[in-house]
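Quick notes on the structure that follows.
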């Protein structure tokens, strides 16, 4: 092949790689292992645009590089193929989500293969494949069969917990559990029926059923995650979203809060990403404090001390109906409690309905209804709006006996802390705003303390703490004193709190993993969840007539016929969330065909964890937290050896779209539109309209193509006012999206310029972790670089130029400097600077007319991770074994060729560099001094003054002092 024909070359080698299984990898090798993983994509119908492959190309370059460095590299790809978009499309068209998902995956695979990515496609996984989600269901079952032992700091089988119950009850059991869990003795436990014991274990398991406030979207008939809600409506479809209390499956991720924090110190992630996770987990040290609800007729300072409850029931369900007359708050600053002038509950707080007075009921109900229309994210981010409603109830400050009003407000969330806050307006801006809005008192904390110190009311003695005890202490010291007093009185305790909440694990959708649970009624007629046996897995999705909720509001699975266990009891109607299948998928790649285990012990022991993980920042507090949680659980139960799943993580930046604009003259009659070229638009009143970037080249519009494709705004009647015979479009950098007509299809780029050009160009755009705009106008330069490389091997007439001749010293110098540079850049993931180094190298070798096989063969190996197709072609033509450039060794640079023969010394005269002079490396300092003093420029700057001192620092600088 004498001409560089990218189409022919790339198809040839992609076919060869697939036929030969070039990138298939074994779980057994004497080579060291290296596991490179991309965050696998959701296969949408739109396919890939040029922004999507950025991370895939980077991971492929690194995978190919590590193979050349002698590693056994696992580099797989799969698809996160359950999700709401396919379900919505199914609702609109009636087409089964499995059909459209399969079509989309086929399209994605075709596009990915066209890019020459070195995936082991034999290991492909899909979360919607029953052979895959069987093991997602199995992990759910293992979580259900486990509890978290805080003393051992790990998850354990539920049987170890029930054994403790039979010996000591739950006294002294240090474990996360439901808030309404009763205290019971061993005698109680052993006297209960099997059903009663089972109910108690449900309060300790790592996955459980509970009432949770969720983002409910009636229009979609489903719960949505916070990421799927924007400005109070669903991101998909724009349907209203409300906050609703619903029965949901939950995951007790909070049990792992501290370990999730500690693990961040052991991984090579960016500090910004770690900080996002730390803030999301939100560890804080403080105290739980109980504020007694004031009852009509009692004085503010007359309240029963303590508040300890006797939670020793005769049956496990007797505690659930007890009403607690306390509001419990968590605070990191107990010492500010003297300045509390009101309290605020989340509108969803369980006490709101209980304590609201008849006179305030209408206001409270109206406010709750309004709050339901806001997502949690909106409530958290809205720091300016002040709103709330008074319940009519009061609470008593346990430190000073003062009666304070109780409000509800949407800035307090039920799931954060206790869902209640003690408001100190003198010490918190939001509390101050609230107090001013509702005309509530704002009391200085110090003034409040002094008031207590001077009170002489003997009835208060012993009931309240004299704030004089904490005067002069730091707030840390004061908090310790106050917490000790709270614990002594039984009205509070020290506590480490986390902002992280248990994860909602139910979705009222069809296209998701079925939960491997069926229900049986208990003795009271209430449904209890029971697990399927392993041999019953996978529980496959049933067929339904529609993908909508049933007429009575049940999820779509409620439409399935015979959706019941063999015992005749119904299966769970909700499905798992999208993050379920993506929380363990890296293990399935290790052993994707295993039908007996999620992966064999040998495969897991060999690959262990992911060495390099590349993906977007949007997963920082979702996927990455859930994945780490599941990984830690699997380690606790002895299924995997590593605590953390991803050793090194890189977030690739976004490739932004480069939008083009046309300018239409404003007119009441658009039947004959007039379009003004960008440079002339200032003389007219115009509207800017997005135009498809694919019919614009170097900002020049293809007018005929535009008229034919945009009949809605152009057509034959359109007039174009041109500049120098061209219509020049305006430009703006925006997010790449179809609505902005700035989506560039990689297939078009590959067809026109080739995959190697696209790979190099995406890397050349800028640092991997930074956002950068796409500009098709610049890609031609990268294409020219490859053609220039080709000309080192073939003449313009197609003659083979490479000769088996010794390399010249200057050629070796260029080559070895490039080897050193490329190696350093790839190790530092500086892919953009490596592309620049390639271009410099080829330019210099071309100017030297280098045709030495010894040089060019090494260059081809060096380039192969970036541009594998042209490299394979030239490697083969050089007479090497076919298809083996991917399996050869990475070139080694030699010091003698990267060390310059001469050094250019900057010469300082009285502290200022005036000239640079070059000397051979082995030149003695005495010779350098002579040459410097004899130089005309140096003599000029010395101005005839005598030399006081000269210092020659070898290979650094010359200092002349006059």
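In the UniProt record's numbering, the protein residues as written are 1 to 962.
Ideal Cβ positions, reconstructed from N, Cα and C, are used throughout, including at glycine.
Buried/exposed call for residue 461, threshold 16 Cβ in 10 Å:
The predicted position of residue 461 is uncertain, since its pLDDT is 45 and thus under 50; a value taken from the coordinates is nonetheless stated next. Classification for residue 461: exposed.
With DSSP run on the structure shown, which of helix, strand or coil describes residue 839?
Annotated three-state conformation of residue 839 is helix, per DSSP.
Alpha carbon to alpha carbon, how far is residue 916 from residue 861?
Between residue 916 and residue 861, the C-alpha separation is close to 37 Å.
Within this structure, are the beta carbons of residue 433 and residue 340 separated by less than 8 Å?
Cβ distance not < 8 Å, so residue 433 and residue 340 don't count as in contact.
Using DSSP with H/G/I as helix, E/B as strand and the rest coil, what is residue 790?
Three-state result, residue 790: helix.
Does the beta-carbon distance from residue 718 to residue 673 come in below 8 Å?
For residue 718 and residue 673, yes; Cβs fall inside 8 Å.
Collapsed DSSP secondary structure at residue 948 in the structure displayed:
Looking at residue 948 - three-state DSSP - the assignment turns out to be coil, as it is neither helix nor strand.
Classification of residue 355 by the beta-carbon crowding that lies within 10 angstroms, buried from 16 upward:
Around the Cβ of residue 355, a 10 Å sphere holds 16 or more other Cβ atoms; the residue is buried.
Rounded to whole angstroms, what's the CA-CA distance from residue 972 to residue 592? Just pull it up for me.
There is no way to answer for residue 972, as the model of the chain reaches only from 1 to 962.
Pull up the CB-CB distance for residue 268 and residue 648, whole angstroms please, since I reckon it's below 8 Å.
Confirmed, Cβ separation roughly 4 Å.
Should residue 6 be labelled buried (16 or more other beta-carbon atoms within 10 Å of its own) or exposed?
Residue burial is scored here from C-beta neighbours: residue 6 has at least 16 other C-beta atoms within 10 angstroms and is therefore classed as buried.
Residue 35 versus 120, 748, 50, 713, residue with shortest Cα-Cα distance
Minimum Cα distance to residue 35 is reached at 120.
Determine, using beta carbons only, whether residue 616 and residue 39 come nearer to each other than 8 Å.
Yes, Cβ-Cβ distance for residue 616 and residue 39 is below 8 Å.
Cβ contact check for the region 863 to 874 and the region 778 to 793: 3 or more pairs under 8 Å
Judged by pairs of C-beta atoms under 8 Å, the region 863 to 874 touches the region 778 to 793, as three or more such pairs exist.
Residue 63 versus residue 73: straight-line alpha-carbon distance, rounded
Roughly 6 Å between the two C-alpha positions.
On the criterion of 16 or more Cβ atoms from any shown chain inside 10 Å, does residue 32 qualify as buried, or is it exposed?
With fewer than 16 neighbouring CB atoms inside 10 Å of its own CB, residue 32 falls in the exposed class.
Within a Cβ cutoff of 6 Å, which residues of the same chain sit near residue 134, ignoring the five residues on either side of it in sequence?
Excluding positions up to five away in sequence, the list reads 537, 538.
Tell me which same chain residues have a C-beta within less than 7 Å of the C-beta of residue 645, skipping the five on either side of it?
Within the same chain, and ignoring the five residues on either side of residue 645 in sequence, the residues whose Cβ sits closer than 7 Å to its Cβ are 586, 609, 610, 627, 628, 631.
Inter-residue spacing [alpha-carbon to alpha-carbon] between residue 82 and residue 554
Near 20 Å, if we compare the C-alpha coordinates of residue 554 and residue 82.
Rounded to a whole number of angstroms, what is the C-alpha to C-alpha distance between residue 66 and residue 880?
Computed Cα separation, rounded: 21 Å.
Applying the 10 Å Cβ sphere with the 16-neighbour rule, what's the burial state of residue 961?
The residue is exposed, with fewer than 16 neighbouring Cβ atoms inside 10 Å.
Residue 948: which of 933, 955, 937, 180 sits nearest, CA to CA?
The residue with the shortest Cα to Cα distance from residue 948 is 933.
Please confirm whether residue 345 and residue 392 have their CB atoms less than 8 Å apart.
Going by C-beta atoms, residue 345 is not nearer than 8 Å to residue 392.
Counted within 10 angstroms of its Cβ, other Cβ atoms place residue 303 as buried (16 or more) or exposed
Reliability of the predicted coordinates at residue 303 is poor, the pLDDT of 37 falling under 50, and the value obtained from them is presented with this limitation in mind. Counting the other CB atoms within 10 Å of its CB gives residue 303 a total of 16 or more, which places it among the buried residues.
Do residue 907 and residue 958 have their beta-carbon atoms positioned less than 8 Å apart in this structure?
Contact flag set, yes.
If I'm right that residue 654 touches residue 51 with Cβ under 8 Å, what's the distance once you round it to whole angstroms?
Contact holds; Cβ gap of about 6 Å.
Going along the chain, which unbroken runs of the beta strand (DSSP E) with 3 or more residues stay wholly within the region 877 to 912?
Complete beta strand (DSSP E) runs here, min 3: 902 to 909.
Is it right to say residue 61 is buried, meaning 16 or more other beta carbons lie within 10 angstroms of its own, or is it exposed?
Its Cβ being crowded by 16 or more others within 10 Å, residue 61 is buried.
List the whole-angstrom C-beta distance separating residue 342 from residue 407, where the pair is believed to meet the contact cut-off of C-beta under 8 Å.
About 6 Å separates the CB atoms of residue 342 and residue 407; that is less than 8 Å, so the two are in contact.
Return the bridge partner residues of residue 850 from the DSSP annotation.
In the DSSP output, where bridge partners are listed per residue, residue 850 has none listed.
Quick one: residues in its chain with C-beta nearer than 7 Å to the C-beta of residue 335, no 5 flanking neighbours on either side, listed in chain order?
So the qualifying residues of the chain are 470, 475, 478, 479, 482.
To the nearest angstrom, report how far apart residue 951 and residue 826 are at their CA atoms.
C-alpha separation (whole angstroms): 39 Å.
Option nearest residue 43 by Cα separation, candidates 128, 68, 20
The candidate whose alpha carbon is nearest that of residue 43 is 128.
What residues are listed by DSSP as bridge partners for residue 217?
Residue 217 is bridged to 222.
Identity of the residues DSSP links to residue 249 by a beta bridge
Residue 249 is bridged to 209.
Own chain partners of residue 714 with C-beta closer than 7 Å, once the 5 adjacent residues on each side are dropped
Within the same chain, residue 714 has close Cβ partners 673, 706, 707.
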